[in-house]
Amino acid sequence: MGRNYDIAVIAGDGIGKEVVPEGQRVVEAAARRFGFSVDWKEHDWSCDYYARHGRMMPEDGVEQVRGSHAIFLGAVGWPNVPDHISTWDLILRLRRELNLYVALRPARLLKGITSPLAGRDAKDIDFVIVRENSEGEYSSAGGILYQGTPEELVIQESVFSRRATDRILRYAFELARTRRNKVSLATKSNGIKIAMPYWDERFAAVAAEYPDVEANKFHIDILTAHFVNHPDWFDVVVGSNLFGDILSDLGPAVAGSIGIAPSGNIDPTRTNPSMFEPVHGSAPDIAGQGIANPIGQIWAGAMMLEHLGELEAARAIETAIETVLSQGGPRTRDLGGSAGTIEAGKAIADALA
Ligand code: NAI
Ligand code: MG
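My numbering puts the first residue of the sequence shown at 1019, with every later residue one more than the last.
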């Protein structure tokens, strides 16, 4: 019996529908080369679906994908549906109901990409941001008193449990052991005087379980400056939901275009399928023209295969992307080329074969 994976596909809206087929093309090419197979189960959940059904996905949508090995998502959002509805009704439901409590974003400068940071090349930028994805600052605990009066008073509570804090910290240390054995914590214990000293304390406790991994911490303000000035200092960077959110846009930005950055939403317990997607959205401004960069989606496919245990295939996809980019192969306009989405995707699939 060969290795076979059931993958739920949600292409979504806009350029999601253009880049997902290229991601599938490259994963298929990897499957042929490395001897596994993929069954894709496509779901048309999107803002189009909303226009027809008044919701982003069927009531039992989460149950429909729960049995798959992974979810391959394009991008969700279109001007016909308010963003808070399209995001909360589809992506956030999947993240929460499937317990995808790690948001994982590599910030790696690929060969053949020019960083916006002067004088940096591929060996200088290779780190991963691990964001707590289930609680923290993004909670709905709080309220407004005296609304609409000059006495208005707003309270928004952050929520940190030992369970969620420790599990994300452990994930970061485990990941570091597969990389360069270094974890940096994003903190702000000089200003946020209850929750962040607590993070520092849990970080020290978990770090003690990993004496082989170097651990250090930075306040979030100076950490953002270090991402720009010293990206080579970092291997795994872990932070709360809010700090992780900010860092996970800054990290990929120093490593190049938004069109190439991938992300994973992971259930490390492997009870539920994890979800892989590009960082970018549906890009209504360029959708329908066939010019979107498919690399973010293709790289997300590599992350998905790595999660499924197909390490060689994952590395081969990353190498194929770098080969095409560094040897003058077709590239899309956002990277200074003139190729279309399909041409760029096919070139990477060919480099892989
Ligand atoms: P966006 O990422 O869709 O676009 C930002 C800019 O980057 C645009 O100028 C776009 O043309 C460009 N861009 C993005 N991806 C590209 C690619 N692959 N190749 C070339 N250029 C690319 O972000 P925006 O405009 O803020 O959001 C548009 C819609 O996407 C909204 O409805 C938003 O809610 C949704 N969105 C969905 C996400 C998801 O599904 N996880 C993530 C971010 C936004
Ligand atoms: Mg964000």
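C-beta atoms are modelled at their ideal positions from N, C-alpha and C, and glycine is treated no differently.
| request: Would you please state the rounded distance, in angstroms, between the beta carbons of Leu1326 and His1087? I believe it to be under 8 Å. | output: Looking up residue 1326 in the sequence shown gives position 308. Looking up residue 1087 in the sequence shown gives position 69. Leu1326 to His1087, Cβ: 6 Å. Contact.
| field | Cβ-Cβ distance between Gly1041 and Pro1302 below 8 Å | value | Residue mapping note: residue 1041 aligns to position 23 of the sequence shown, counting from 1. Residue mapping note: residue 1302 aligns to position 284 of the sequence shown, counting from 1. The answer is no: Cβ separation not under 8 Å.
| For Tyr1189, the residue or residues it bridges with in DSSP | As a first step, residue 1189 is located in the sequence shown; it is residue number 171 there, counting from the start. Tyr1189 is not bridged to any residue.
| task | Give a yes or no on whether the C-beta atoms belonging to Gly1034 and Ala1093 are separated by under 8 Å. | result | As a working note, residue 1034 is residue 16 in the sequence shown. As a working note, residue 1093 is residue 75 in the sequence shown. Going by C-beta atoms, Gly1034 is nearer than 8 Å to Ala1093.
| query | Since Asp1174 is in the beta strand (DSSP E), which residue starts that stretch and which ends it? | reply | The residue labelled residue 1174 in the question sits at position 156 within the sequence shown. According to the sequence shown, residue 1174 is Gln rather than Asp. Where Gln1174 is concerned, the enclosing beta strand (DSSP E) stretches over 1171-1174.
| query | Are His1237 and Thr1287 close, meaning C-beta to C-beta below 8 Å? | reply | Taking the first residue of the sequence shown as position 1, residue 1237 is located at position 219. Taking the first residue of the sequence shown as position 1, residue 1287 is located at position 269. No, Cβ-Cβ distance for His1237 and Thr1287 is not below 8 Å.
| request: Can you grab the Cα-Cα spacing for the pair Ser1157 / Ser1176, in whole Å? | output: Position 139 of the sequence shown holds residue 1157. Position 158 of the sequence shown holds residue 1176. When rounded, the distance between both Cα atoms is 6 Å.
| task | Look up Arg1126 in the DSSP assignment and give the residues it is bridged to. | result | As a working note, residue 1126 is residue 108 in the sequence shown. Looking at the DSSP assignment, Arg1126 forms a beta bridge with Asp1144.
| Check: His1237 C-beta below 7 Å from any heavy atom of the ligand ATP | Ligands in the displayed structure: the ligand NAI and the ligand MG; the ligand ATP is not one of them.
| field | Supposed close pair Asn1259, Leu1116 - CB separation, criterion 8 Å | value | Residue mapping note: residue 1259 aligns to position 241 of the sequence shown, counting from 1. Residue mapping note: residue 1116 aligns to position 98 of the sequence shown, counting from 1. About 17 Å; that fails the 8 Å criterion.
| request: Give me the Cα-Cα distance between Glu1081 and Ala1026, rounded to the nearest whole angstrom. | output: Taking the sequence shown and counting its residues from 1, one reaches residue 1081 at position 63. Taking the sequence shown and counting its residues from 1, one reaches residue 1026 at position 8. Computed Cα separation, rounded: 11 Å.
| Separation of Gly1020 from Phe1054, as counted between CA atoms | For this step, residue 1054 is matched to residue 36 along the sequence shown. For this step, residue 1020 is matched to residue 2 along the sequence shown. Cα-Cα distance, rounded: 6 Å.
| For the ligand NAI, any of its heavy atoms closer than 7 Å to the Cβ of Glu1295? | To locate residue 1295, count along the sequence shown from 1; it is residue 277. At least one heavy atom of the ligand NAI is nearer than 7 Å to the Cβ of Glu1295, so yes.
| Asn1022 lies in the beta strand (DSSP E); which residues open and close that run? | Mapped onto the sequence shown, residue 1022 falls at position 4. 1021-1030 is the span of the beta strand (DSSP E), which, as asked, contains Asn1022.
| Where does Lys1211 sit, in a helix, a strand or coil, going by DSSP? | By one-based count along the sequence shown, residue 1211 stands at place 193. The three-state reading of DSSP puts Lys1211 in coil, since its state is none of H, G, I, E or B.
| message | Could you give the first and the last residue of the continuous beta strand (DSSP E) run that contains Thr1341? | response | What you label residue 1341 is simply residue 323 of the sequence shown in a count that begins at 1. Segment 1329-1344 is the alpha helix (DSSP H) holding Thr1341; no beta strand (DSSP E) there.
| field | Where Lys1235 sits in the DSSP three-state scheme | value | Locating residue 1235 in the sequence shown gives position 217, where the first residue counts as 1. Residue state, collapsed to three classes: strand.
| message | Looking at the secondary structure, which residues open and close the alpha helix (DSSP H) in which Phe1052 lies? | response | Translated into positions along the sequence shown, residue 1052 becomes position 34. Unbroken alpha helix (DSSP H) run through Phe1052: 1034-1052.
| query | Within 7 Å: the Cβ of Ala1225 and any heavy atom of the ligand NAI? | reply | The residue labelled residue 1225 in the question sits at position 207 within the sequence shown. No - the ligand NAI has no heavy atom lying nearer than 7 Å to the Cβ of Ala1225.
| Do three or more CB pairs link the stretch 1342-1362 to the stretch 1142-1156 at distances below 8 Å? | no
| task | Have a look at Thr1132 and Thr1350 and give me their C-alpha separation to the nearest angstrom. | result | Here the question's residue 1132 lines up with position 114 in the sequence shown. Here the question's residue 1350 lines up with position 332 in the sequence shown. Thr1132 and Thr1350: Cα-Cα distance of roughly 14 Å.
| task | List the residues that DSSP assigns as beta-bridge partners of Asp1057. | result | Here residue 1057 refers to the residue found at position 39 of the sequence shown. Note: Asp1057 sits in a beta bridge opposite Asp1024.
| request: To the nearest angstrom, report how far apart Asp1057 and Glu1361 are at their CA atoms. | output: As a first step, residue 1057 is located in the sequence shown; it is residue number 39 there, counting from the start. As a first step, residue 1361 is located in the sequence shown; it is residue number 343 there, counting from the start. The straight-line gap from Cα to Cα measures roughly 24 Å.
| task | Look at Ser1300 and Trp1096 and say whether their C-beta atoms are less than 8 Å apart. | result | Here residue 1300 refers to the residue found at position 282 of the sequence shown. Here residue 1096 refers to the residue found at position 78 of the sequence shown. With contacts defined by Cβ atoms closer than 8 Å, Ser1300 and Trp1096 form a contacting pair.
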